[in-house]
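These notes are about the structure you will find just below.
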Ligand code: 173
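In mature numbering (1 follows the signal peptide of the UniProt record, and there is no 0), the protein residues as written are -24 to -1, 1 to 299.
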């Protein structure tokens, strides 16, 4: 035990020395991930952190302090806004209190490269700067659609009589189709379903098996709708305190993170197969019901943006949507 302690303290001194001597310009950013460590939704950021730490020696390092058990998901926006953490990987659905305009992000019909060209990224970044004191470094989730998962039969775009677990992503859409909505963080989905408190829930196509929810889920409803937004945010004071070189490096790493969106199509197929192999079935809406489902999702989504962010809604729609 004594020897171990000595080794440990020698290591600690060595670490401090190494950190101190690496470079006067090296910055270590404390980051938090809103999603369960190791799960497919958390993964792009975990890979990002690994990539930054490999490429950014002597310049920028990221210390990932943990997942949703470190900071509750709905408080992560506040944490990065106030500088409790320097960086966060979090969906706008977890910070609607700070940025109501975030409701538009899931309605994106363009790729991130398109948004970086048409001024969309710039506008979204500006909103995050002004309203939330964060830099909008990059977005994951484009190409990863949301779905409704249910334990009761469904063959129409009609959710009346169903109680569904939601976040701000799904609320307006599900309610407009007649559902009774209850909001929970992801950590409570399993028990909510297991106890029959809800008949179903919204979640992306990715992650069901990682979270063990196939055990309490009978079916997925197709088609999916919207596109996930999970955003890499940097506290704005921290961002402004970085050198030009550090900012340029992080910007490049952010583009690398957005490059991972190209993998989503293949991941989605693999996830569908895993769900089927686990015994989940698909309730596929077809014909007019499918049209109604898709149109209602879009309409409810934009109506909500108009309601919560009337001054930015038209501009957001022009930049993010295709029509
Ligand atoms: O369902 C959710 O908790 C949610 O809103 C979300 C958003 C992005 C990715 C995964 C889940």
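Backbone N, C-alpha and C define an ideal beta-carbon position, used for all residues, glycine too. All values derive from a computational prediction rather than experimental measurement.
Can you round the beta-carbon distance between residue i and residue j to whole angstroms, since I take them to be within the 8 Å contact cut?
{"i": "residue 195", "j": "residue 258", "result": "7 Å"}
{"i": "residue 54", "j": "residue 112", "result": "Their Cβ separation, rounded to whole angstroms, is 17 Å, which puts residue 54 and residue 112 out of contact at 8 Å."}
{"i": "residue 96", "j": "residue 296", "result": "6 Å"}
{"i": "residue 70", "j": "residue 277", "result": "Not a contact, Cβ separation roughly 17 Å."}
{"i": "residue 127", "j": "residue 212", "result": "With 8 Å as the limit, residue 127 and residue 212 do not qualify as a contact, their Cβ atoms being about 43 Å apart."}
{"i": "residue 210", "j": "residue 117", "result": "Contact flag wrong, Cβ pair sits at about 18 Å."}
From residue i to residue j, what does the alpha carbon distance come to, in whole angstroms?
{"i": "residue 107", "j": "residue 253", "result": "44 Å"}
{"i": "residue 265", "j": "residue 174", "result": "23 Å"}
{"i": "residue 124", "j": "residue 80", "result": "19 Å"}
{"i": "residue -4", "j": "residue 38", "result": "In this predicted model, residue -4 has a pLDDT of only 44, less than 50, meaning its place in the structure is not dependable; the value taken from the coordinates is given anyway. Residue -4 and residue 38: Cα-Cα distance of roughly 17 Å."}
{"i": "residue 244", "j": "residue 182", "result": "6 Å"}
{"i": "residue 5", "j": "residue 176", "result": "38 Å"}
{"i": "residue 15", "j": "residue 249", "result": "17 Å"}
{"i": "residue -9", "j": "residue 61", "result": "Only weak support is given to the placement of residue -9: the predicted model assigns it a pLDDT of 46, under 50, and the value that follows is read from those uncertain coordinates. Computed Cα separation, rounded: 21 Å."}
{"i": "residue 225", "j": "residue 12", "result": "27 Å"}
{"i": "residue 193", "j": "residue 234", "result": "31 Å"}
{"i": "residue 333", "j": "residue 263", "result": "Residue 333 lies beyond the stretch modelled for the chain, which goes from -24 to 299, so this question has no answer here."}
{"i": "residue 131", "j": "residue 197", "result": "9 Å"}
{"i": "residue 76", "j": "residue 134", "result": "27 Å"}
Can you name the start and end residues of the alpha helix (DSSP H) that residue i belongs to?
{"i": "residue 73", "result": "No alpha helix (DSSP H) contains residue 73, which DSSP labels as neither H nor E."}
{"i": "residue 267", "result": "263 to 284"}
{"i": "residue 252", "result": "240 to 253"}
{"i": "residue 54", "result": "52 to 58"}
{"i": "residue 166", "result": "165 to 170"}
{"i": "residue 6", "result": "Careful: residue 6 lies outside any alpha helix (DSSP H), inside the beta strand (DSSP E) at 3 to 9."}
{"i": "residue 184", "result": "184 to 187"}
Tell me the residue span of the beta strand (DSSP E) that contains residue i.
{"i": "residue 96", "result": "No beta strand (DSSP E) contains residue 96, which is instead part of the alpha helix (DSSP H) from 96 to 108."}
{"i": "residue 122", "result": "122 to 126"}
{"i": "residue 198", "result": "195 to 201"}
{"i": "residue 180", "result": "176 to 180"}
{"i": "residue 139", "result": "139 to 142"}
{"i": "residue 79", "result": "Note, residue 79: premise wrong, no beta strand (DSSP E); not H, not E."}
{"i": "residue 260", "result": "257 to 260"}
{"i": "residue 37", "result": "36 to 42"}
{"i": "residue 224", "result": "That residue, residue 224, is in no beta strand (DSSP E); its alpha helix (DSSP H) goes 220 to 235."}
Indicate whether at least one CB of chain D lies closer than 8 Å to the CB of residue i.
{"i": "residue 295", "result": "You won't find chain D in this structure, because it holds only one protein chain."}
Is residue i near the ligand HEM, with its Cβ less than 7 Å from a heavy atom?
{"i": "residue 294", "result": "Among the ligands modelled here, namely the ligand 173, the ligand HEM does not occur."}
Next item on the list: Quick one: residues with CB closer than 6 Å to any heavy atom of the ligand 173, in chain order, please.
Entry: 17, 67, 69, 143, 145, 162, 178, 179, 180, 204 and 206
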